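Encoded as structure tokens, the structure appears first; notes follow it.
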Amino acid sequence: MNRYLAIMVNTVLAGAALGIGAVTPAMAASEQPFKQTNIHFETNATACDMGIQMSFDTDGLTEGEVEGPCEQVMFSFRAIDGVENTGDLTEMFHERVEPPITDLLDALDCEPPEHDPISLAELFGTWPAGWYEFDGESNGVEFEGRARLTHKIPAGPEILAPEDGAVVPHDANLLIRWKKVTGPLLPSLGPVEVVGYHVVLADVTDPALAPGRTKTVLDADLAKSETSFLVPKQFLEPGRIYEFEILSTEKYGNQTITEGGVFCTSPIAAADCEGP
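Residue numbers for the sequence shown follow numbering that gives the first Met the number 0, beginning at 0 and rising by one.
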């Protein structure tokens, strides 16, 4: 758009075009920072897969892109033309397919993958460590931001309770417990500094939900000093199946999941407590 305007001005009035091209202080004044930028790896230590996630938050963008440390475009986006009345993009969360990783499959006790795995070297070669530049534009205003990606991957939390397939009362609080994470997932992926944990529970009793309905989910962010989370009894209902997982978060945002399997509430019998 700016290039087109410059050509038009040059055609009509060359002197004015030179004047506009020299107004760099005004252009610089129009630049705005992103409210939030993030890029990190999410690893599933139970499934031995790993992928990239990124997100941003602004007052609104018409288009933009994310550049890697070598100035290569890693991701670009654009609002659909013709829907200006609904406004620009203000927030975005982007997640890539998480391929199985050979290094993790060799080191961890994971089930054989359905898809062909790749190596950590391949994944890290595509997504090198360093600063990623976020750029966007809306109505002549430019937005800039950056986020750091590292290859420091924490181990997944070792879950102590409840056990996979446990049946628990629906009218009592449930304590989820795990061991503190102090090291990397693999020795080559350290050192790490874990800054917190994230617990997620989801009701998976009905694998196919009615249109417009979503899973009943409870999630919580916890401090790095915590090794337990009390699920309030108000969340639990009788005769339901719940999946849960715990994530450890490294200082620069990389996260590692440990799947806890499922637990059920009575009157479901232990023999019937299975995931969908």
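Just so you know, even glycine gets a beta-carbon here, dropped at the ideal spot from N, CA and C.
Note that the structure is predicted; figures quoted are calculated from it, not measured.
Can you list, in chain order, the residues of its chain whose CB lies under 7 Å from that of residue i, leaving out five sequence neighbours each side?
i	result
E236	H169 and T264
V167	P161, L173, F262 and T264
F234	L217
G195	D220, L221, A222, K223 and T248
W177	P156, E157, I158, L159, T226 and I245
L229	N172 and L174
S137	G59, L60, T61 and D87
Specify the secondary structure class of residue i as computed by DSSP and reduced to three states.
i	result
E136	strand
S118	coil
S224	coil
T181	coil
F123	helix
T204	coil
A270	helix
T101	helix
A146	strand
G165	The residue you asked about is not Gly; residue 165 is Ala in the sequence shown. Strand.
T257	strand
A28	In this prediction, A28 has a pLDDT of 48, which is less than 50 and means its spatial position is unreliable; what the coordinates show is noted afterwards. A28: helix per DSSP, three-state reduction.
V22	Note that V22 scores 39 on pLDDT, short of 50, meaning its location in the model is unreliable and no value can be drawn from it.
A106	helix
T57	strand
Q233	coil
I152	coil
G195	strand
D48	strand
R176	strand
D218	strand
G129	strand
T213	coil
E141	strand
C69	coil
Here's a check: name, in chain order, each residue in its chain whose Cβ is nearer than 8 Å to the Cβ of residue i, leaving out the five neighbours to either side.
i	result
F74	M53, E64, V65 and H93
D163	G259, G260, V261 and F262
P32	F142, E143 and G144
T89	D56, T57, D58, G59 and L60
Could you pull out every residue in the same chain whose Cβ sits closer than 6 Å to the Cβ of residue i, ignoring the five residues on either side in sequence?
i	result
R77	E62
N1	Confidence at N1 is low in this model, with a pLDDT of 39, below 50, so the placement of that residue is unreliable and no value is reported for it.
Of all the options the options, which has the alpha carbon lying nearest to the alpha carbon of residue i?
i	options	result
A146	Q31, A269 and T36	T36
F243	R212, A201, E249 and A268	A201
D87	V194, L119, R95 and T57	T57
T204	F228, F40, D271 and V198	D271
R95	A219, L122 and E70	L122
P127	G139, G189 and I51	I51
G67	H39, P266 and D80	H39
P278	P275, M49, I240 and A268	The displayed coordinates of the chain run from 0 to 275. Any statement about residue 278 would go beyond what the structure contains.
I175	I158, P190 and G189	I158
W130	I256, V191 and V72	V72
K232	A171, E132 and F133	A171
P275	I240, H197 and T213	I240
P99	A120, C69, G238 and T213	A120
D134	T215, P190 and E70	E70
A268	T101, L188, A165 and K214	A165
I332	I79, M91, D80 and E97	Nothing in the structure corresponds to residue 332, since the chain is present only between 0 and 275.
V191	V198, V199 and K179	K179
S187	K34, E273 and D102	D102
Output the boundary residues of the beta strand (DSSP E) element that contains residue i.
i	result
A160	I158 to A160
Q35	Q35 to N43
S247	I240 to E249
L88	L88 to E94
R77	V72 to R77
G63	E62 to E66
How far does the alpha helix (DSSP H) with residue i in it reach, from first residue to last?
i	result
L293	An answer regarding residue 293 cannot be provided, because it is not within the stretch 0 to 275 covered by the chain.
May I ask whether a heavy atom of the ligand ATP can be found less than 8 Å away from the beta carbon of residue i?
i	result
F92	For the ligand ATP, the structure offers nothing, since it holds no ligand at all.
If contact is defined by three or more beta carbon pairs under 8 Å, each pair taking one atom from either stretch, is the segment 27 to 46 in contact with the segment 106 to 115?
yes
Is the segment 206 to 219 touching the segment 170 to 189 in the sense that three or more CB pairs, one from each, lie closer than 8 Å?
no
Count Cβ pairs between the segment 247 to 259 and the segment 139 to 158 that sit closer than 8 Å; are there 3 or more?
Here the segment 247 to 259 makes contact with the segment 139 to 158; the two share three or more CB pairs at distances below 8 Å.
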